[in-house]
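With the first letter of the sequence shown counted as 1, position 104 gets the number 465 in our numbering; the numbers rise by one all the way through.
Think of the CB as a built atom: it goes at the ideal place given N, C-alpha and C, for glycine as much as any other residue.
What you are looking at is a predicted structure, and each value in this text was computed from that prediction instead of being measured.
Quick notes on the structure that follows.
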Amino acid sequence: MIWIIGGTCETRELVKRLNGRKDYIITAATEDGKQFIDSQNLLIGRMDYHEMVKFIQENQIKLVIDLSHPYAVLVSKNAQRAASSQNVKYIRYVRPQAVFTDCVIYKKSLDECIEYLKSVSGTVFFTTGSKNIGRFEKIKGNNRFVYRILPSIPGIEECKKYNVLIKDVVAMLGPFSVELNRAMFKEYDADYVIMKDSGIEGGTNEKIKACINLGIVPVVIGREKEEGIEDLDEIVELIC
């Protein structure tokens, strides 16, 4: 049995390419994972290291394919460790990074980004999800912070928790085209757009292009370097 750690658009693509040639179980941390995967083999729920070990044992997993989000660092570390403890092969898919130009302000971490934001003024448009809204709101000051999040109940509740105004919330499912990004950034009169390096599949290039077109400052939060495979076809060849 193959365990596919999913919840990303690449999960759907891998399942499509496998075309029923292998038995697999897919897991995703949240209900949002259902947006990318239409499979009866999908299980929803977060797991820590010990739960992952138990999952491998109970489902007689022989191979772990990690397609989790580039910023789900703890998930990948726990999965790799759990697989190793059970002598199970682990394959990590790594999204190719986006192409950055000189106009991009690159910050190595969320902490670095927050320090940078303390010095800016104007309207900041966040495309980083709802997870860190609380940290951003603490440094907002007199600026306007706009959050583009998934149209999910947990995301909306996170905005309500930190008293984000309804007019400052954009609830939509991406990735978005350059044109749609441009329209949104222009509508909200953004001075800065904050984004993760979610790679080509995550729509980072489209966000940067829209920013350049409008003269907006794109700020990218970096991700940890990972060892893995950047080509889904290569993964399919390894397991089929």
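Out of the options, which one is the CA nearest neighbour of residue i?
i                 : options                        : result
isoleucine 600    : Ile475, Lys492, Lys450         : Lys450
glycine 589       : Asp552, Ile417, Leu428         : Leu428
leucine 511       : Ile494, Lys521, Gly490         : Gly490
serine 559        : Asn402, Tyr432, Gly381, Gly406 : Tyr432
alanine 389       : Leu379, Met408, Ile582         : Met408
serine 470        : Val578, Ser482, Val434         : Val434
valine 414        : Ser437, Gln458, Ser446         : Ser446
valine 410        : Ser437, Gln401, Ala571         : As written in the sequence, residue 410 is tyrosine, which differs from the valine given in the question. Nearest option by C-alpha distance: Ser437.
phenylalanine 537 : Thr565, Ile573, Tyr523         : Thr565
valine 460        : Lys570, Gly406, Ala440, Gly535 : Lys570
arginine 505      : Ile582, Tyr549, His430         : Tyr549
valine 455        : Lys468, Val597, His430         : His430
leucine 575       : Ala444, Gly583, Phe546, Leu534 : Phe546
Spell out the partners DSSP gives residue i in its beta bridges.
i                 : result
phenylalanine 416 : BP columns for phenylalanine 416 are empty, so no partner.
lysine 557        : Ile582
alanine 532       : Ile510
lysine 468        : Ile582
alanine 389       : Ile405
phenylalanine 486 : Val507, Val554
valine 425        : Trp364, Tyr451
isoleucine 590    : Tyr454
Please classify residue i: is it buried, with 16 or more other beta-carbons within 10 angstroms of its beta-carbon, or exposed?
i              : result
threonine 369  : buried
threonine 462  : exposed
glycine 502    : exposed
asparagine 420 : exposed
alanine 544    : exposed
asparagine 448 : exposed
tyrosine 553   : buried
asparagine 542 : buried
isoleucine 514 : exposed
glutamate 519  : buried
cysteine 464   : exposed
arginine 382   : exposed
Look at the alpha carbon of residue i and the alpha carbon of residue j, and state the distance between them as a whole number of angstroms.
i                 : j                 : result
lysine 557        : glutamate 595     : 26 Å
tyrosine 477      : threonine 391     : 31 Å
arginine 327      : serine 480        : Because the chain here runs from 362 to 601, residue 327 falls outside it and cannot be looked at.
alanine 551       : leucine 424       : 45 Å
phenylalanine 497 : leucine 403       : 33 Å
glutamate 412     : arginine 442      : 12 Å
aspartate 472     : asparagine 380    : 42 Å
glycine 563       : valine 530        : 20 Å
glutamine 401     : serine 482        : 48 Å
glycine 578       : valine 507        : Per the sequence shown, residue 578 should be read as valine rather than glycine. Approximately 15 Å, taken between the alpha carbons.
isoleucine 466    : lysine 377        : 36 Å
glycine 406       : asparagine 439    : 15 Å
isoleucine 573    : glutamate 540     : 12 Å
arginine 584      : lysine 492        : 16 Å
leucine 534       : arginine 373      : 16 Å
glycine 367       : valine 597        : 15 Å
cysteine 474      : phenylalanine 486 : 13 Å
Report, in whole angstroms, the separation of the C-beta atoms of residue i and residue j, which I expect to be a contact under 8 Å.
i              : j              : result
tyrosine 385   : isoleucine 417 : Tyrosine 385 to isoleucine 417, Cβ: 13 Å. No contact.
valine 580     : isoleucine 561 : Contact doesn't hold; Cβ gap of about 19 Å is too wide.
lysine 568     : threonine 484  : 15 Å between Cβ atoms; not a contact.
isoleucine 422 : isoleucine 387 : So it is not a contact: roughly 12 Å between Cβ atoms.
glutamate 371  : leucine 526    : Actually they are not in contact, since the Cβ atoms of glutamate 371 and leucine 526 sit about 34 Å apart, beyond 8 Å.
isoleucine 500 : tyrosine 523   : Actually they do not touch by this definition, with Cβ atoms about 12 Å apart.
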